[in-house]
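Student:
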Amino acid sequence: MPGRTPRTTLDRLRTPRRFPKFLKAASVCVLIAGLLSPLSQAAAADPSTTAAANDYCGGQCSDILPPGENGNATLAQILLNQAFGTQPDHAEDQLAPYGNLPSGSSTLTDAKINTFFNDASFGVASDQVASTTKPRTDVTIVRDKKTGVPHITGTTRYGTEYGAGYAAAQDRLWLMDVFRHVGRGRLTTFAGGAASNQGLEQEFWRNAPYTEADLQAQIDNAIAGNGERGQQALTDANAYLDGINAYIDASDSGRYFPGEYVLTGHKDSVTNAGTIDHFKLTDLVALASVIGALFGSGGGGEVNNALSLLAAQSKYGVTEGTKMWESFRERNDPEAVLTVHNGESFPYTAKPDSPQGEALPDAGSVTQEQLVYDRTGSAATSTATSASATAATTSLTSAKRGMSNALVVSGNHTASGHPIAVFGPQTGYFAPQLLMLQEIQGPGISARGASFAGLSMYVELGRGQDYSWSATTSGQDIIDTYAVELCQDDYHYLYHGTCTAMDKVEQTNSWKPTVADGTAAGSYRMQVYRTKYGPVEYRATVGGKKVAYTTLRSSFMHEADSIIGFQMLNDPDYVKSPATFQSAVQHINYTFNWFYADSSHTAYYNSGDNPVRATGVDAEFPVWAQAAYEWKNWNPTTNTADYTAASAHPNSVDQDYYISWNNKQAKDYTTASWGDGSVHRGNLLEDRVKKLVAAGGVTRSALVRAMADAALADLRAEDVLPDLLKVVNSSTVTDSTAAAAVGKLSAWVTAGAKRTETSSGSHTYANADAIRILDAWWPLLVKAEFQPGLGSDLYTAFGNNLPIDESPSAAHGPTGSHAGSSFQYGWWSYVDKDIREVLGESVQGGLSQKYCGGGSLSACRDTLISTLKEAAGKTASDVYPGDDQCSAGDQWCADSIVQRTLGGIKHGKISWQNRPTYQQVVEYTSHR
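Letter by letter, the sequence shown follows residues -3 to 924 of this note's numbering.
1. Return the residue from the list Gly100, Phe591 and His86 that minimises the CA-CA distance to glycine 757.
2. For the candidate residues Asp771, Ser304, Val336 and Tyr312, whose alpha-carbon lies nearest to that of leucine 356?
3. In three-state terms, what does DSSP make of glutamate 298?
4. Whole angstroms are fine: how far does the CA of tyrosine 821 sit from the CA of threonine 496?
5. How many angstroms separate the CA atom of methionine 703 from the CA atom of alanine 359?
6. Please check the pair valine 694 and threonine 335, which I expect to be a contact at CB under 8 Å, by giving their CB distance rounded to whole angstroms.
7. Quick one, which of Arg535, Pro646 and Asp140 has its alpha-carbon nearest alanine 121's?
8. Relative to the alpha-carbon of lysine 865, which residue among Leu392, Pro348, Lys276 and Ala766 has its alpha-carbon at the smallest distance?
9. So the beta strand (DSSP E) aspartate 59 belongs to, where does it begin and stop?
10. Look up tryptophan 201 in the DSSP assignment and say whether it is helix, strand or coil.
11. With contact counted as at least three CB pairs below 8 Å, one residue from each stretch, are the segment 636 to 644 and the segment 262 to 280 in contact?
12. One question on the structure: do glycine 514 and glycine 189 come within less than 7 Å of each other, judged by their Cβ atoms?
13. Quick check on DSSP: helix, strand or coil for arginine 925?
14. Anyone know if the C-beta pair for glutamine 73 and proline 84 falls short of 7 Å?
15. Report back the beta-carbon spacing between arginine 202 and valine 524 to the nearest angstrom; my notes put them in contact at under 8 Å.
16. Taking the DSSP output, what are the residues bridged to alanine 427?
17. Which word fits alanine 29, buried or exposed, when buried means at least 16 other C-beta atoms lie within 10 angstroms of its C-beta?
18. For the beta strand (DSSP E) containing glutamine 503, name the first residue and the last one.
19. What's the C-alpha gap between aspartate 245 and proline 799?
20. Where do the N-terminal and C-terminal ends of the beta strand (DSSP E) with phenylalanine 419 fall, by residue?
21. Here's the rule: buried if 16 or more other CB atoms are within 10 angstroms of the residue's CB, otherwise exposed. What is valine 918?
22. Report the partner residues of lysine 663 according to the DSSP bridge assignment.
23. Would you grab the beta carbon distance between leucine 741 and leucine 717 for me? Rounded to a whole angstrom, and I think it's under 8 Å.
24. Spell out a yes or no on whether the segment 780 to 790 and the segment 837 to 856 are touching, meaning 3 or more CB-CB pairs, one atom from each, closer than 8 Å.
25. Looking only at its own chain, which residues have a Cβ that is under 6 Å from the Cβ of glutamine 37, when we skip the five neighbours before and after it?
26. Using the rule of at least 16 other Cβ atoms within 10 Å of the residue's Cβ for burial, across every protein chain shown, is aspartate 370 buried or exposed?
27. Look up arginine 768 in the DSSP assignment and say whether it is helix, strand or coil.
28. Quick one: is valine 543 buried, meaning 16 or more other Cβ sit within 10 Å of its Cβ, or exposed?
29. Looking at the unbroken alpha helix (DSSP H) that takes in tyrosine 940, where does it start and where does it end?
30. From this set, Asn217, Gly250 and Gly181, which residue's C-alpha is nearest glutamine 166's C-alpha?
31. Mind the definition here: the segment 828 to 835 touches the segment 719 to 728 only if three or more C-beta pairs lie below 8 Å; say whether that holds.
32. For cysteine 882, which residues of its own chain have a beta-carbon under 8 Å away from its beta-carbon, when the five flanking residues on both sides are left out?
33. Which first and last residues belong to the beta strand (DSSP E) in which histidine 177 is found?
34. Can you list, in chain order, the residues of its chain with a C-beta nearer than 7 Å to that of alanine 884? Leave out the 5 residues immediately preceding and following it.
35. Look at the alpha carbon of proline 205 and the alpha carbon of glutamine 909, and state the distance between them as a whole number of angstroms.
36. Can you give me the Cβ contacts of glutamine 622 inside the same chain, cut-off strictly under 6 Å, excluding the 5 residues immediately before and after it?
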């Protein structure tokens, strides 16, 4: 196996290896002594501050966001951290409580919850005030002693938002600056030319190649179309920017700005020469485009779908091949776990009876559109070109980063009679974290929670006075692929019968070595051709005609529109009930599942601008770019169309319970990514919460325990391995190697199929051999089970649609290694259905044929035993070959979570857990 390298989009953005080497070589003490002492940025504690009013949670709201609130560090602090491991205040004080929950959850009680979480009550008790800052007379920023979270209180709306911007810059200035450059495709020019930086900017710019005029137009359109709220959002954004820029000026003159500016050559540590550019409105749109692309843009992958369909039809004929393809696609699998589980149907992107307008490519004709040209220096290395290939694959797949989970129980089933929720987004692990905590209190705003750095003018996930809300990525399809017929040359296409020129958008990036990134100088030009149907992604022929395949996303040129929904969520005069909550999130055009809980009610709503497609169009495949197959009432100038009605989106109020882990939302509602079948990580929550609800008397600690238990479960071992062992044990296992492996796997299943340490901090797994065997066995058994029946080409094609595995240490999975999130994408449902068929058990929505052993139980058993023996013979070093974080053979380390460095501060590893990064535990006691 090759060494594991991070493949998650953001995992690839990290401090280059040369940085620590520089620090080891430097005389840290001399460097620190030579720095001018920075001025203090916070005044002394003000003991008069008291807890805020209008908090209806009764001390029963909690939250957590590792590693810590403070994501800024001066040059001196960075040098000390790199040399001696010292941490700036509040840089990692939430990491240990977060990391300790798995070992402490079994004995968790309600009284102990805040051992592992923060008290998320409004305000700060007077004896817990650490500092008070007044950047203006009309706003105060109080930070608490325990976590350093900013509690922003304004007497005017402008002052409130100014304070939010100031606090954001205090905590995340460097990260905000990084991501405004990522959103513009200019990371390398700002942070250095590391191959990972090249790949990251290419990935985002490929899908959102915006000019500065495009970014401004999105602001203008969002404001113009939303009346008074639009104008208020503009005023809020300007005040927020004023706060950010005031901090930039203050930290520059006081010399306590983030040290990364020195290490990347933007500032001089001795003379203070250099500038930190002020933020502007278009920066916020660039930031929003990154977050939306990462977590809220479901769809794409139609060309890959077409390629796997053609491979199936080539091998089995059109009729049988199509049937086989549909069985693997699992558009509406009857065994899939659902968030809305009352049987209500919400049809979306169903297979049409008579597909119209399909534009499937001719065999062998598809080529990916070139993005990068004129490479020089380090941009031309094999490492750089490999990073580009990975970025292209990631940006064009439908298997997008899912993340996030939610467990919500109605008050009818809790001990108190009040609803309980444990929910949050799984945004990965970074230093500093992408999200930041804050409390904002001012005219028309009353909320505490998490927001993405640089977009924190409102709380995006959190709580209001008497309600909490959260989201998971939903992934329904808002992206379609069109085949535009070329005319004249490769850069003109037919639009409604007229030969029309494509728009070429391009930019050149260059870089040179810095202290932080020693990558040699280099440059390249990125070039994207845009059509009215979106950017060109592939070239091909269809029926002999030359075409360009483009991707049209409903949120393209609308990255700023969702600001209105977040504004509403923060407004205590707007959100007062499940209905008003659902109304608020209907204004969010990204694809998310939204959850709500107050003292009496729970609610759910699936957001996103779902386009109304022409009759007969199958959203799974490319269609011709012709008027008959366009979205209903689509306007290419504004990229607007008719969208499905709010009532057509999966929604619910006061269902007995809700679970979500990026699973299928509701009956007949198809998501763009593959894998919504009989086994999904959502089952890990469904099984536990359903059992709690059946017993009744659910408490906050019981629901946290259910979440934490699922967070340690190996989905394959819990839901698939028992049936695999049934096949293996259908006859006596006589081979000693296989028998020993079966014994270890069986013992692990009996023990609960968890990936847990022998004791807290041991860094050694209980059932370590069984875990190693399954990690080695899974890819072997899947290939041996399916490749003979599918053939090599089709097996590979389906693997491009849905990865085989995503174990915690599997860097070949979509989320990469050390990322925490696991078991979202994999072939567990296929294996489950096929093995149950071979066993003769009842299967709904089964595959089109039996694969394991050709359907013979004895032949299937032989296949499983032979691959099991091969897996058992693999050493820990074979299975866990080591990477830049771990030595070969270190199983615990291979699984461990790493806070990927986006700046100069490093943190230690924590044990693996599959859990939201930011998480709330809430149970409201009363309501306004």
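Note that CB positions come from ideal geometry on N, CA and C, so glycine has one too.
Just so it is clear, the structure is predicted and the values come from calculations on it, not from any experiment.
Tutor: Well, looking at it:
1. Minimum Cα distance to glycine 757 is reached at Gly100.
2. Distance from the Cα of leucine 356 is smallest, within the candidate group Asp771, Ser304, Val336 and Tyr312, for Ser304.
3. Residue state, collapsed to three classes: helix.
4. Rounded to the nearest angstrom, the two C-alpha atoms are 40 Å apart.
5. Spanning the two alpha carbons is a distance of roughly 47 Å.
6. Taking C-beta atoms under 8 Å as the contact rule, valine 694 and threonine 335 fail to qualify, at a distance of about 18 Å.
7. Closest option to alanine 121, judged by alpha-carbon separation, among Arg535, Pro646 and Asp140: Asp140.
8. Ranking Leu392, Pro348, Lys276 and Ala766 by Cα distance to lysine 865 puts Ala766 first.
9. Where aspartate 59 is concerned, the enclosing beta strand (DSSP E) stretches over 57 to 60.
10. Three-state DSSP puts tryptophan 201 in a helix.
11. Not touching, per the Cβ criterion.
12. In this structure, the beta-carbon distance from glycine 514 to glycine 189 does not fall below 7 Å.
13. With the chain covering -3 to 924 only, the question about residue 925 has no answer from this structure.
14. Yes, Cβ-Cβ distance for glutamine 73 and proline 84 is below 7 Å.
15. Yes, arginine 202 and valine 524 are in contact; Cβ-Cβ is about 7 Å, under 8 Å.
16. According to DSSP, alanine 427 bridges with Thr897.
17. Residue placement at alanine 29 cannot be trusted, given a pLDDT of 32 that sits under 50; what the coordinates show is reported in the next sentence. Flag for alanine 29 reads exposed.
18. Annotation for glutamine 503: the continuous beta strand (DSSP E) segment containing it runs 499 to 507.
19. Rounded to whole angstroms, aspartate 245 to proline 799 spans 48 Å at the Cα level.
20. Element bounds for phenylalanine 419: 416 to 420.
21. Using a 10 angstroms sphere on the CB of valine 918, the tally of other CB atoms reaches 16 or more, which defines it as buried.
22. According to DSSP, which records beta bridges pairwise, lysine 663 is partnered with Ser341.
23. Between leucine 741 and leucine 717 the beta-carbon gap is near 6 Å, inside 8 Å, which marks them as a contact.
24. Look at the beta carbons and you see the segment 780 to 790 touching the segment 837 to 856: at least three pairs across the two are nearer than 8 Å.
25. Residue placement at glutamine 37 cannot be trusted, given a pLDDT of 42 that sits under 50; what the coordinates show is reported in the next sentence. When the five nearest sequence neighbours on each side are left out, the beta carbons in the same chain lying within less than 6 Å of the beta carbon of glutamine 37 are those of Tyr252, in order along the chain.
26. The C-beta of aspartate 370 has fewer than 16 other C-beta atoms within 10 Å across all chains shown, which makes the residue exposed.
27. Here arginine 768 sits in helix by DSSP.
28. Under a 10 Å Cβ-count criterion, valine 543 is classified as buried, with 16 or more other Cβ atoms of the shown protein chains found around its own Cβ.
29. As displayed, the chain neither begins before -3 nor continues past 924, which places residue 940 out of reach and without an answer.
30. Selected option, being the one with the closest Cα: Gly250.
31. Output reads yes: the segment 719 to 728 touches the segment 828 to 835.
32. Sequence-distant partners of cysteine 882 (beyond 5 residues in either direction) whose C-beta falls short of 8 Å from its own C-beta, in its chain, are Tyr876, Cys889, Ala890 and Ser892.
33. No beta strand (DSSP E) holds histidine 177; the alpha helix (DSSP H) holding it covers 153 to 179.
34. Apart from the 5 residues on each side of it in sequence, alanine 884 sits with its Cβ closer than 7 Å to the Cβ of Ser873, Tyr876, Pro877 and Gly878 in its chain, given in chain order.
35. Distance between the alpha carbons of proline 205 and glutamine 909: 36 Å.
36. Residues of the same chain with their beta carbon placed closer than 6 Å to that of glutamine 622 are lacking, with the five preceding and five following residues left out of the count.
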